[in-house]
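Down below is the structure, laid out as structure tokens.
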Amino acid sequence: MSASFLLPQPDSVEEEGARAYYNEVVTALGGPNVEVRLSTEDGKGKGVFATKDIPEGETVFTEVPLVSLQHVENRGSALVCYRCLRFVGTVEQQIGHKLHCLVEELKATTAQPQQQGGGPDGGGADGGGGAGAAAPSGSVGAGAHAGGGDGNGDQEEDDGEHDSVDLEAALKAGERLEQVYSHVPPERIEALRSGAEKLPLSEDFQLPPPVPCRRRCGEVFCGQACEAAAWEQFHCLLCTAPAPAEAAQAAGGAGPSTSAASAAAAATGQEGEERREDGGGEEEGQEEVVHGVRVDRRALAAFVEHAKDTNEIFILAAQVLASTLIRAARALESGEAEAAVAAGSSAAAGPSTSSSSQQPQQQPSAAACRAALQAGWRPYVYGWKRVWWEAVAVPEDVDSEEEFREQLRALAADSLELLTAALHDSRFGPDLLTLEVFGSVVGLFELNNLGLSVGSPVEDFFLAVDEEEEGPDKAAMCKLTGPLLDALDAEYATPCEATAFLALQSCINHSCDPNCTAACDSGDRTATVLAQRDIAAGDEVTLAYIDVSLPYKRRQAELRDYGFVCKCERCTADLAAARARKAAGGGGKAAGGMGALRAKIGKRR
Ligand SMILES: C[S@@+](CC[C@H](N)C(=O)[O-])C[C@H]1O[C@@H](n2cnc3c(N)ncnc32)[C@H](O)[C@@H]1O
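What follows is the structure, encoded as structure tokens:
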């Protein structure tokens, strides 16, 4: 089987399937405010259109992301639920967390010059179980250039220059560290983190207590429900903590474990297959079978570390692939996929090796595997556009585009190798865990991603203190909170920043004069599109991917990162005006002045 059946070319995406899918998505969101049209008249591909008049200020729709991930470099600024991005703990813990992570990062920076002379940086920073303190330098996203995280070669060339830059950074970090400690000593930071210190007014900012992952991998959730939902959706395959002894034993060849999934794994020949030659399989707790997928937890940890050091979007891509594997496995386990093949209602092809439809213990047919995989992949198939290394705009300082794209491709290949060392699945793996599919999923985030920003309760807390009536009570409060504010400096207001993929919102085209804005609700994991002026039935719904107060050339430059030349009315008019000026011999500037509309949809930087 070729992987191409998962990646139909956008022009050939069968229209009926796409139309049915988006109708389902819109209906599930509870209203016919909008529809998805598979092509716009001006060649922008799919677009979202109003089906009725929507007055200014009204909600166009509200949607929950299919997957989302807090940026690695933001983890030190906000302690949030791994699944829904809700702030957790208490205001005191949030402040303690921020200060602790800030201090750890500063310590790591001050220590760097002395540590140099070895291999790639790669962090090493604190290794502690909590949320990663230091931001890895090479978090890539759009511009994975940076020689990537992967330590060989060119880095050595400009070491001299880097030494002085590092030294300067180390000195600055040292000064900042002293400044932090002059306001808040280490013991107070710990007291805040542990909850031993209570701050006035903090009771007004109730947050859910953090619930750790059932395996204690270090991720936290806002409650049991979110923990369980994440586990079901993808985390059971991606959690990096060792497996409990009995699960690992079952995976070690002692026969299937209690679940039907293990039985399926045995049936599909995965038991004992492809054991790691380095002895990983012998190590208790590292391997287990989940939903018929053999999972190597140690290899997963290596995959995650590599992604954190190079491109965190690889982790989101792994979430997409893991959730696809789980949905596909469920379709097989339930007999649904075989039944679909038998009923001829699937587009699946290929010879069936079994006539059985309901028994997961038997080898599932190739056709059933394919039907199951297509079902599991469905939420993503219509969002796919191009592979990452082709989608990324080439940074200006890059000499060879070909080399640059090859570097990205190699980086993705490295990441996929680590992922396939962690997840073995002979039913779906050969089709799903390929470089083409992996690169396309990363590309999907590159071109469709949505930057989510969730406001911090810490900012609200300090604002509330500030708004208290002047007097002795406020003075006493400020005596406690003032040093914290001074130590945090601008960090006090940092929101939770994340990347997400949303089925409907990712169909909205950009305009430099958008009629909608997007906002994220910290309370219920939703992203809402709001009309910022009256929208008439039949109008296209548009958002700003970038800061549209920029002049024409800057806007086009920014949009190049999204892989397109903007065809919106404003750009068309700006271009025509610039041409007319040129023809008339003038050289004036393109008209600007849209005001500072903040782009909520957008690329991670
Ligand atoms: C988030 S998707 C929007 C949905 C997209 N049209 C589709 O077919 O899935 C972003 C892509 O849509 C296209 N696009 C969005 N806004 C555009 C615009 N103003 N001008 C030209 N192309 C645009 C570009 O191809 C861009 O990479």
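So in the UniProt record's numbering the end of the sequence shown lands on 605, straight run, no missing numbers. Just so you know, even glycine gets a beta-carbon here, dropped at the ideal spot from N, CA and C.
Neighbourhood of residue i by C-beta, 8 Å cutoff - its chain only, sequence neighbours within 5 removed
i      : result
GLN224 : VAL211
GLY383 : LEU444, ASN448, PHE501, ALA503, SER506
GLU15  : LEU38
LEU559 : HIS510, TYR545, ILE546, VAL565, CYS566
Distance cut-off 8 Å: residue i Cβ against heavy atoms of ligand 1
i           : result
residue 640 : No answer is possible for residue 640: it lies beyond the span of the chain, which begins at 1 and ends at 605.
PHE564      : yes
LYS553      : no
ASN509      : yes
CYS568      : yes
CYS571      : yes
SER68       : no
TYR21       : no
THR40       : yes
LEU530      : no
TYR545      : yes
LEU447      : yes
LYS52       : no
SER506      : yes
GLY383      : yes
GLY47       : yes
GLY439      : no
LYS44       : yes
Beta-carbon proximity check, residue i vs residue j, cutoff 9 Å
i           : j      : result
ALA322      : PHE205 : no
TYR492      : LEU502 : no
residue 620 : LEU433 : With the chain covering 1 to 605 only, the question about residue 620 has no answer from this structure.
PRO209      : VAL80  : no
ARG83       : ALA230 : yes
THR542      : CYS516 : yes
VAL320      : TYR380 : yes
GLU540      : PHE49  : yes
THR51       : PRO32  : yes
PRO200      : THR481 : yes
ILE313      : GLU406 : no
ALA243      : GLU288 : yes
PHE461      : VAL91  : yes
ALA421      : PHE303 : yes
ARG294      : THR240 : no
SER426      : ARG386 : no
GLU63       : THR499 : no
LEU300      : LEU238 : yes
ALA28       : THR109 : no
TYR181      : VAL103 : yes
GLN532      : GLY43  : no
Contacts around residue i, its chain only, beta-carbon distance under 6 Å, and the 5 residues preceding and following it disregarded
i      : result
LYS553 : none
LEU416 : LEU435, PHE438
GLU273 : Residue confidence for GLU273 is low, a pLDDT of 36 falling below 50, so the modelled location carries little weight; the figure read from the coordinates is stated next. Contacts found: none.
SER511 : THR542, CYS568
ARG276 : Bear in mind that the predicted position of ARG276 carries a pLDDT of just 36, short of 50, making it unreliable; the figure below should be weighed with that in mind. The answer is none, since no qualifying residue turns up.
TYR22  : VAL36
PRO364 : LEU332
ARG176 : LEU106
Close beta carbons around residue i, own chain, < 7 Å, minus the five adjacent residues each side
i           : result
ARG193      : GLN93, GLY96, HIS97, HIS100
SER400      : none
GLU468      : LYS474, MET477
PRO483      : HIS183, VAL184
ALA580      : none
GLY17       : none
residue 609 : Here the chain comprises residues numbered 1 to 605, so residue 609 is not present and cannot be evaluated.
Beta carbon proximity, residue i to chain B, threshold 9 Å
i      : result
ARG193 : Absent here is chain B; the protein component of the structure consists of one chain.
Considering only residues of the segment 20-80, which uninterrupted beta strand (DSSP E) runs meet the minimum length of 3 residues and lie entirely inside it, listed in chain order?
-> 34-37, 47-50, 59-63, 67-70
With a floor of 4 residues, list each alpha helix (DSSP H) that falls wholly inside the segment 411-446, ordered by position along the chain.
-> 429-432
Beta strand (DSSP E) runs wholly inside the segment 522-590, at least 3 long, in chain order | 526-531, 540-543
Secondary structure, beta strand (DSSP E): runs of 3+ residues fully inside the segment 474-508 = 496-501
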